[in-house]
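Chemist: Numbering (the numbering used here), first residue to last: 77 to 588.
Positions of the beta carbon are idealized from the N, C-alpha and C atoms, including for glycine.
Questions regarding the structure given below will be posed in turn.
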């Protein structure tokens with residue numbers, strides 16, 4: 077297993093086929109696809125991988141049932157086709173999830189819901205995910221925590237994903253195919269030549285270096301327009317509309333393994349999802365946002381909205397005091413002439429600027445996490461001519477790091493892992509299986525006991541895991557570890573976070 081490239085750039089003017097700007101899901105997906113086709117790839121991210129939009133999703137691999145009401149049939153079909161492709165590629169960080177929609181007769185008639193679910197079941201082929209059906213909430217376990225007057229419901233399938241880990245695994249696979257991944261590295265300017273871009277980078281230490289690239293991909297998400305106009309000094313024919321989505325996390329509200337999709341009188345929907353064993357995730361909102369995407373945060377009105385919306389369904393009301401954690405992100409959606417942010421398309425557009433023989437620039441507008449792999453394939457098709465790419469599409473059947481299991485069943489893998497390593501506590505074996513999959517063996521190495529994993533830093537986080545995350549996953553801070561590569565921050569609190577940060581401070585030579 078190759079250690080991901082994170083070393084400083086060589087002295088002199090390093091040359092690449094492709095410079096990808098942006099370490100979110102689209103940027104890392106494109107870098108992975110390009111590196112696997114044999115291109116020399118450099119990806120730069122101004123912060124940590126998945127530190128903005130790509131770690132602030134509702135954590136779903138889904139077609140988007142509600143998009144059918146906006147006649148987004150093409151987008152829904154494309155996303156539905158991708159669900160099972162992704163579930164097979166990374167079954168350790170993604171798994172099927174059943175959703176319960178309680179029927180509120182005053183919001184949508186039952187026949188309309190049945191028709192929508194029929195379309196959802198049949199717009200794309202399914203092999204892993206079961207279809208939809210009606211249920212009696214008076215007899216189904218999902219009815220227990222709900223209001224007694226809610227007697228009828230519908231169940232359908234989608235998928236769950238650890239979104240930030242999906243980003244990291246794409247970057248890891250890109251690196252293992254030869255790409256160089258530089259986090260906390262900013263593109264400060266670029267000059268377009270006849271056949272090459274000359275780009276200026278600012279390193280984490282504040283120094284400046286130059287690289288050359290035959291093409292640039294602008295996958296900067298909410299900053300795509302800023303990068304085009306203020307850094308690259310190019311004009312765009314498309315714009316993004318920034319929409320804030322916020323989520324709240326409460327202590328566990330129900331004991332079963334289904335999620336809920338709740339309709340609201342404003343025609344929006346929210347999800348209530350089992351989260352990190354002891355919690356429930358509720359979201360999301362859709363609000364126009366005009367500030368700096370780096371400073372986005374939930375506000376009190378959004379917390380109140382999510383609490384009130386969920387309380388319309390649960391027997392036990394949810395109040396702001398029940399909220400233990402919140403997060404928010406900005407979705408860079410395609411600009412459209414619609415007033416309702418919820419109606420703005422979640423599809424994407426790729427804009428190729430390749431005048432004459434001059435070095436090409438490809439910009440990514442919009443998109444959603446479920447369709448990132450297809451987006452990356454389309455990016456390669458746009459660049460195929462300008463860069464002379466010979467190898468065809470390859471990612472549809474390729475597992476992501478840790479996902480190369482004999483069967484796409486994380487439960488069976490966990491059982492096997494516990495048989496191989498009986499000294500691992502059950503909860504830790506479960507977490508390793510659901511976080512690292514087959515790469516657990518790399519993390520554990522030759523360990524034969526918990527003592528061999530090194531110092532216990534906090535909770536069930538041992539030094540061996542921190543060393544793995546630093547060496548192979550670009551982790552550099554406690555936030556990187558506790559809120560992106562894992563969600564241990566929910567379990568270890570501020571004291572645990574301080575201990576992890578202290579570990580990094582003591583091991584900066586390794587983290588450099």
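1. Exposed or buried, what is residue 381 when buried is set at 16 or more other beta-carbons lying within 10 Å of its beta-carbon?
2. Going straight from the alpha carbon of residue 515 to that of residue 576, what length do you get?
3. Is there contact here, the segment 293 to 308 with the segment 387 to 397, by at least three beta-carbon pairs under 8 Å?
4. On the CB-based measure, 16 or more other CB atoms within 10 Å of its CB, does residue 568 come out buried or exposed?
5. Would you mind sorting residue 171 into buried or exposed? The rule is 16 or more other CB atoms within 10 Å of its CB.
6. Opposite residue 538 in the DSSP bridges: which residues?
7. Are three or more beta carbon pairs between the segment 440 to 456 and the segment 488 to 502 nearer than 8 Å?
8. Under the three-state reduction of DSSP, which class applies to residue 275: helix, strand or coil?
9. Could you tell me the distance, in whole angstroms, from the CA atom of residue 100 to the CA atom of residue 208?
10. Is the beta carbon of residue 213 sitting closer than 8 Å to the one on residue 222?
11. Let me confirm a value: residue 413 is counted as buried when at least 16 other C-beta atoms fall within 10 Å, else exposed. Which label applies?
12. Reducing DSSP to helix, strand and coil, say where residue 563 ends up.
13. Please state the DSSP three-state secondary structure of residue 187.
14. For residue 92, collect the residues of the same chain with a Cβ closer than 6 Å to its Cβ; drop the 5 residues on either side in sequence, then sort them by chain order.
15. Could you compute how far the alpha carbon of residue 473 sits from the alpha carbon of residue 249?
16. For residue 444 and residue 496, I'd like the C-alpha separation in whole angstroms.
17. List the DSSP bridge partners of residue 258.
18. How many whole angstroms separate the CB atoms of residue 247 and residue 97, which I take to be in contact at a CB cut-off of 8 Å?
19. Check for me: the alpha helix (DSSP H) holding residue 153 runs from which residue to which?
20. State whether the segment 323 to 332 contacts the segment 539 to 551, with contact taken as three or more CB pairs (one from each stretch) at a distance under 8 Å.
21. Is the beta carbon of residue 321 sitting closer than 8 Å to the one on residue 407?
Modeler: Short version:
1. buried
2. 22 Å
3. no
4. buried
5. buried
6. 532
7. no
8. strand
9. 32 Å
10. yes
11. Any answer about residue 413 is weak, because its pLDDT of 49 lies below 50 and its placement is not dependable; what the coordinates show is given next. Label assigned to residue 413: exposed.
12. coil
13. helix
14. 116, 118, 289
15. 14 Å
16. 38 Å
17. 120
18. So it is not a contact: roughly 14 Å between Cβ atoms.
19. 149 to 165
20. no
21. yes
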